[in-house]
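Notes to accompany the following structure.
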Amino acid sequence: MTKLPSIGKPISRLEGRLKVTGIAKYAGEYQAPGLLYGYVVNSTITKGTIKIIDTADAKALEGVIEIFTHENRPSTAWFDFQYADMDAPPGTVFKPLKDNEIKYNGQPIALVVADTFEMARYAATQIKLAYVEEKFETDLESNIDKARKPKKGMASMLKPPPPKPAGDFEKAYESSFVQSSGEFKHGTEHHNPMEMFATTVIYEGKNRLKIYDKTQGTVNSQMYVANVFGLKMKNVQVIAPFVGGAFGSGLRPQYQLFMAVMASLALKRNVRVTLDRAQMFTFGHRPTTLQYAKFGADEKGKLNAVYHKAIGETSQFEDYTEIVVNWAGMLYPAENTLLEHRLVPLDVYSPLDMRAPGGSTGMHAVEVTMDDLAYKLNIDPVEFRLINYAEKDKSSGKEYSSKELRKCYLQAAAKFGWEKRSPEPRSMKRGNKLVGYGMATGIWDANRILARAQAIMTSDGKVEIKSAVTDIGTGTITIMTQIASDELGLPLEDITFSFADSSMPFAPIQGGSFTTATVGSAVQVACRALNKELFKKAKRDKDSGLADAAFEDAVFSDGFIFLKNSAEVKYSVQEIFAANGGKEIKTTNSSMPNPLTYGKKIKLVHSAVFVEVEVDEELGIIEVTRAVTAVAAGKIINPKTAESQILGGMIWGISKALHEETILDNQFGKYMNTNLAEYHIPVHADIHDLDVVFVEEEDDFVNDLGVKGVGEIGVVGMPPAITNAIFHATGKRINNLPIHFDKLL
Amino acid sequence: MNNFSYIKVSDAKQAIAELNGDIRNKAVAGGTNINDLLKYFVTKADKLVDINPIQEFNSIIRLDDGGVRLGALHTNADTAYDPIIEERYPLLSKAILAGASAQIRNMATNGGNLMQRTRCYYFYDISTPCNKRDPGSGCSAISGYNRIHAILGQSENCIAVFPSDMCVALAALNAQVNISGPNGERKLPFANFHRLPSETPHLDNNLIHGEVITSIDLPAEGFAENYSYLKLRDRSSYSFALVSVASAFELEQGTIKNARIALGGVAHKPWRVLEAEDFLKQKEPTRENFSQAAKIILNGAFGYEHNNFKIELAHRAIIRNCLMALYPESQRPGAKPSR
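Chains as they are written, first to last, in this note's numbering: chain B, 1 to 745; chain Y, 746 to 1084.
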């Protein structure tokens, strides 16, 4: 019998070989007859209007087919809502080439289409432009007086506004035994996946397109294209089999998709538009955010007052929000809370969810403030968390579906060797280096939404599972195959997971750490339905021995149906196919949480992060020498791909704490370091020992699989843990991220 | 298309002949910088003269005076790992290996390293004013994001820094640049090769158009006993120095006989102050004396909104690196601070 379950086994990525041998194809790599290449022209001013856009010289160049601008673009959908994608924040979606108005620096203002990429790119430099410039505002801090409440919209469902104030914060804070208050800031960050955004559109005749797109949601792109260009959904097929990282940047259709489709429809040709690295800085990003935190605790270390306010930037056209300030309330049982989130619209593009959006921002302020209180109380930071351990979510009054955070603290602390910490800052040394230990908590949502999946068994007994979901590098292909394998009782080799095609059963955008719970549940349901179908058909055979059996007693294994309580019964599914003439058996199912019960408990992933830093006392140079993260995320389907998710998140956390920032020059209203030489992320030499521990956590409430998702949690606790370790090493609290080493001089 | 001609040349004479004339005739060797500059439209070329095939430029040879000649086309990687360089000029080897990435060092050449241009953001962004790229247009960095910019020798026209690590060591070692041009051969002491921005920030160095670097000579004294290269930056590899220091000493019975200190990442050229080196002669190699030397080196330094820290950082880095030079084995890969 096949060795099952495969769930819980560290299976290597099924597509790994394709990726490392270069066989895996990405959106910008599909060839097509007579393919044309588009290159986007971006505005070099930040705000104003285009007075002249003269394309005559550029268009006269040999090999240039067409140049699209606001003056000659084909007409597209009229209404705002037709541009809205699944992840659109409240407001007015940006429409490329709509008119001559410039809303932000780097705005796409023209598309050159030529028979080579090089010619398109060169011709783009030959377009003559004259602008009328207007005064712009891109600096958050100098526009803080414009902060206002975010508008609510569809996006508020997954991103609820902060809960109402509880108790009387001011009074409680004033009378607290210890107080901690701080201001926090981080700058803009851009996703920068390795793979550039690209779209290859295959023109398949009048109003029918096959589109290879870099996206985190094939159906999302399909819907956008159909709505904007007035096509039928069934005539737009969006495919994204491999995605070279996205981190949230592919949650919304980006402008290369619009441009490529527009050109293809207008020219009736196959068209590809690829963005270059600098253009990867001309759309969504993690917003610059200012935070203010004031926490108060009593003499026993009980937190009684929590104030957390965040002011983030957004564009002038959409109210992008993220959950920044709700976390402390879900994590610590303070009686008096005041949580506020505000936005300042600036002349920038709309921000966009970037790995652990809001959570990694907010928890930086929360956990650094907690650390500061622990020092002021002279209580060990872990002990302080345990004193304030919530058994119930105070902010909503609901039970947790499961919460093994305590085990995370204890197991990670033990693995790290936290007991060797001497509490006093600057008290630990190694040669000429100050050594610091720091810890922090991580928290993230465990959401699940609607998805569909299909299971098809062919007469050879093999099964194909279909879902429109992408695999953005997370291991989704492997995990879905494992789920199907266990449900069907078939070895992994007998299962093919077909995915990332909008013509397949619906899957939502891949983000928010909800893919395994959402699509995995659909795959499980579809496979169970297939088994039921097989069972039903088997029962029709009077000699099967199953005629009186109940489905609950059936065991499916290696193409046979067994009965739990009967050793004699062994029925081959081949007999079913023999009876039906070899016709495939197909089941398609939807799966979503029960709306009546799902909201009754609060569903969260937790982590505890411990970090050691070394700081050169004389020069300030910081090294993260060790880090341990313990994660409680329900059932871990695949410890290998899950560990990779956490490790990647931890490295991103190091990046966020010490390296990563998009430099905004407010003289020009533009980003200055738009390449990977100057946009610093860690190199190998910056990464030392990283350890991941998965804590056992059973959760039969979240979904039947008991999974919560691990895409985001790895990032969340790292920046505050590093900040706290640096404080322990140096006695300095640096609350602006990234922490430049010269701040420690 | 922005068409340019491309020609491969196999000897120096041919290279000089092909480069002669239009300022947009450019030499290309490893291409690790000029290719970027062409793609960003910072530099335009009508003719690219590929000098890679010139055999006579691609070698490391011993000189009769005890020195060593580094061919202009020898790669940075081959130079850094050359047994003669590792043994006799370890300061140069360490400085090269602190720069760029393994892939870039495999392509980049010694001559090209001297010719690389600044990494100032505004120089690379053709939509912003920059006197170096477009003389007379203004300097965006002075009032912009100037964390990576100069604190020494800058002018109101340009505060860019020269990004090389290798050249900091070459400056400290008193190298000499050998040049061939339409009017024959000439030699420049390393200190006179690169220029300060002054009124002419568009000129990085004193090479005249049509000339090529043929080789770089190292004098016999390589300071192989007491040397150190320290590079301070925002990540551990593949980033340019905010401050770097090359230190080298000849010690005699506990006192300094000969001192060399050069800084990178702080000026439009590798920064050396002979007065500071003279000050250290016949002195004990102590923290106090190194601090005094640092003060002399940094005399007149001034910064801007985002790079003021470089003055104090450079002071500390000089002291630290001079102390590290007393114990060269304390050097770590990537020219990190000693443990």
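The beta carbon of each residue, even a glycine, is placed where N, CA and C say it ideally should be.
Beta-carbon proximity list for residue i, same chain, < 7 Å, skipping 5 on both sides
i	result
T116(B)	Y37, G63
D393(B)	M330, Y400, I602
I849(Y)	T777
R528(B)	E487
A657(B)	M718, P719, I722, T723, L737, P738, I739
For residue i, three-class secondary structure by DSSP
i	result
F177(B)	coil
T496(B)	strand
A374(B)	helix
G648(B)	helix
L290(B)	strand
W327(B)	helix
Y974(Y)	strand
C865(Y)	coil
D795(Y)	strand
K839(Y)	helix
G929(Y)	strand
N1052(Y)	coil
D145(B)	helix
W1016(Y)	strand
G359(B)	helix
Residues sharing a beta bridge with residue i, DSSP
i	result
V631(B)	S607(B), F694(B)
W444(B)	V605(B)
M439(B)	F610(B)
V112(B)	Y39(B), I67(B)
P934(Y)	Q921(Y)
S566(B)	L563(B)
F994(Y)	N971(Y), A1004(Y)
P345(B)	T314(B)
R272(B)	Y37(B), T200(B)
D833(B)	Residue 833(B) lies beyond the range of chain B shown here (1 to 745); nothing can be said about it.
E399(B)	K601(B)
V624(B)	V613(B)
Same chain only: Cβ atoms within 6 Å of residue i, ignoring 5 sequence neighbours per side
i	result
F788(Y)	Before going further, note that residue 788(Y) is Thr rather than Phe in the sequence given. L782, listed in sequence order.
R833(Y)	G967, A969
F242(B)	A24, Y26
Y104(B)	D347, V348, Y349
N736(B)	K185
Y1049(Y)	N891
Span of the alpha helix (DSSP H), counted from its first residue to its last, around residue i
i	result
M480(B)	476-488
I576(B)	573-580
T516(B)	515-540
M223(B)	218-229
K784(Y)	779-784
N428(B)	Per the sequence presented here, residue 428(B) reads as Met, with Asn not at that position. No alpha helix (DSSP H) holds M428(B); the beta strand (DSSP E) holding it covers 428-430.
Extent of the continuous beta strand (DSSP E) run through residue i
i	result
V555(B)	554-557
N304(B)	303-314
A825(Y)	No beta strand (DSSP E) contains A825(Y), which is instead part of the alpha helix (DSSP H) from 821-825.
S590(B)	585-591
Proximal residues to residue i (C-beta, below 8 Å), its chain only, five neighbours per side dropped
i	result
M233(B)	Q222, M223, A226
S502(B)	T218, V219, S221, Q222, V236, Q237, V238, I239, A468
M194(B)	G244, G245
K159(B)	T321, E322, I323, G358
Residues of the segment 684-712 of chain B with a CB closer than 8 Å to any CB of chain Y: list them in chain order, please.
H684, A685, D686
Please name the residues in the segment 595-624 of chain B whose beta-carbon is closer than 7 Å to at least one beta-carbon of chain Y, in chain order.
D616, E618, L619, I621
In chain order, what residues of the segment 969-1002 of chain Y put their CB closer than 7 Å to some CB of chain B?
L977, D979, R980, S981, S982, Y983, S984
What are the residues of the segment 860-889 of chain Y that lie near chain B, defined by any Cβ-Cβ distance shorter than 9 Å?
R864, Y866, Y867, Y869, D870, I871, S872, T873, S885, S888, G889
If contact means a Cβ-Cβ distance below 7 Å, which residues of the segment 769-792 of chain Y contact chain A?
Among the protein chains of the structure shown, namely B and Y, there is no chain A.
Can you list, in chain order, the residues of the segment 714-735 of chain B whose Cβ is nearer than 8 Å to any Cβ on chain Y?
none
With 7 Å as the C-beta to C-beta threshold (strictly closer), list the residues of the segment 1040-1073 of chain Y near chain B in chain order.
F1054, E1057, L1058, R1061, A1062, R1065
Could you run through the segment 419-433 of chain B and flag, in chain order, every residue whose CB is less than 8 Å away from some CB of chain Y?
R430, G431, N432, K433
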